[in-house]
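Trainee: Could you have a look at this structure, given as structure tokens, before my questions?
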Amino acid sequence: MIAELKTFLVAAQLESFAATAETVGLTQSAVSAQIKRLELEFGYPLFHRTGRAVQLSKAGLIAIDRANEIINLFENMKEIHREDKISGTIKVGVISTAYSSLLAPAMSNFLHQFKDVFFSIRVDISLELLQKLETKEIDLAIIVKPPFGLIPDMEWIPLVSQPYVLVMHEKIADTGWKDILNTYPLIRYASRSFGGSVISNFLKIHQISPNDATETEAIDLILDMVSRENGVAIIPSCQELSKYDNLKQISIPEMRENREIGIMILRTRRANLVSQFVSCIHSS
């Protein structure tokens, strides 16, 4: 019936079965037979016939819009299969602490479903990734929420909220976070990162000037140094902490601000492929 409707639309435009036959590659009698089948099915004439000339009937004029709707719906049905054939490249920026806990599981689930997708991954600090997103070097970024608010045309999708904790070797007695920071060297979480700047501001507000041993944005390195008794650290409570049996953490009640991790994406980059992957991260 779709073939007949397509023939009807051509005939309606040309108002000639002979010209229609030439256009669609059928004989004139085949075109006439297709139109007749439609008329018998619908129960009304689509054309007035006068000798070799044809003219749309009143019902035929109305049927044009309906026929177009039906054919468009039919064509859209083909997209159901095509959605399973999604392919392309997704350029993702991610902070190091979100790679294994957030990005890797989502990528694995996505690639099981869409095997023709290629991922280009860039690991960096949040500020650098935000700049790369602005210049469209990446499609989306899994970062710490910026302290200065959202940039116009960007969309923030929250994923995880992590409280900041004081981490120390198990040998150190819990004498209170202020006393510990004033006693032991600080392995500082890089102050130029969004999370590190929160910590630096907190220490300034509380007038604490610890003895910095080193500064890095790599939380794995911070935890390794703390486990080797090189100092203590304030970091977000994250999955990496579970890797170390000789570490303990204490809460800092006065530090009410959490590290918020989420997806930052340009609204203009929300293509079908990227949107599907964003949904996958959110549900993983």
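To convert, note that position 106 of the sequence shown is 104 in this note's numbering; the numbers rise steadily by one, no gaps. Yeah, the Cβ is synthetic: ideal placement off N, Cα and C, and Gly gets one too.
1. Closer than 6 Å by C-beta to Lys130: which residues in its own chain qualify, once you throw out the five before and the five after it? Chain order, please.
2. Could you give the residue range of the alpha helix (DSSP H) that holds Asp222?
3. For the beta strand (DSSP E) holding Lys130, just list the boundary residues, first then last.
4. Identify, in the order they occur along the chain, each residue of the same chain with its Cβ nearer than 7 Å to the Cβ of Leu164, setting aside the five sequence neighbours on each side.
5. Are there 16 or more other CB atoms within 10 angstroms of the CB of Ala31, so buried, or fewer, so exposed?
6. Taking the beta carbon of Met(-1) as the centre, do at least 16 other beta carbons fall within 10 Å, making it buried, or is it exposed?
7. Indicate whether the contact test is met: 3 or more Cβ pairs, each with one atom in the region 192 to 200 and one in the region 238 to 246, closer than 8 Å.
8. Since Ile220 and Tyr187 should fall inside the 8 Å C-beta cutoff, what is the C-beta to C-beta distance between them, to a whole number of angstroms?
9. Tell me the residue span of the beta strand (DSSP E) that contains Gln160.
10. On a Cα-Cα basis, can you pick out the residue from Glu227, Asp222 and Ile69 that is closest to Glu288?
11. Would Glu153 and Ile69 qualify as a contact pair, given that the criterion is a beta-carbon distance under 7 Å?
12. Tell whether a beta-carbon distance below 7 Å holds between Glu255 and Val196.
13. Hey, how far is the Cα of Ala61 from the Cα of Thr48?
14. Closer than 7 Å by C-beta to Asp151: which residues in its own chain qualify, once you throw out the five before and the five after it? Chain order, please.
15. Assign Ser98 to one of three DSSP states: helix, strand, or coil.
16. On the three-state DSSP scale, how would you describe Pro145?
17. Buried or exposed: which applies to Phe117, given that a residue is buried once 16 or more other Cβ atoms fall within 10 Å of its Cβ?
18. Residue range of the alpha helix (DSSP H) that Arg254 falls in?
19. Report the rounded CA-to-CA distance for Ser273 versus Ala19, giving the unit in angstroms.
20. Please report the straight-line C-alpha distance between Arg120 and Met75, rounded to a whole angstrom.
21. Could you say which of Leu148, Ile88, Tyr97 and Leu24 lies nearest to Asp218 if we only look at CA atoms?
22. What's the call for Thr5, buried or exposed, on a 16-neighbour Cβ count within 10 Å?
23. How would you label Thr173, buried or exposed, when you count the other beta carbons within 10 angstroms and need 16 or more for buried?
24. Looking at Val52: is its Cβ nearer than 7 Å to the Cβ of Glu13?
25. Buried or exposed, going by whether 16 or more other CB atoms sit within 10 Å of the CB of Gly41?
26. If distances are taken between C-alpha atoms only, which option among Arg35, Val142, Leu148 and Glu168 comes closest to Gly194?
27. What residue from Ile185, Pro156, Ile149 and Gly260 has the CA that sits closest to Asp166's CA?
Mentor: With the structure as the only source:
1. Gly91 and Ile136
2. Ile217 to Ser225
3. Taken as a continuous stretch (DSSP letters only), Lys130 belongs to no beta strand (DSSP E), being part of the alpha helix (DSSP H) at Ser124 to Glu132.
4. Trp175, Ile178, Val230, Ile232, Gln247, Ile248 and Ile250
5. exposed
6. exposed
7. no
8. 6 Å
9. Met152 to Gln160
10. Coverage of the chain is limited to positions -1 through 282, which leaves residue 288 absent and any answer about it impossible.
11. no
12. yes
13. 20 Å
14. Leu264, Arg265 and Thr266
15. helix
16. coil
17. exposed
18. Segment: none, Arg254 is in no alpha helix (DSSP H) and carries neither H nor E.
19. 45 Å
20. 37 Å
21. Tyr97
22. buried
23. exposed
24. yes
25. exposed
26. Val142
27. The sequence given here places Met at residue 166; Asp does not occur at that position. Here the closest residue by C-alpha is Ile185.
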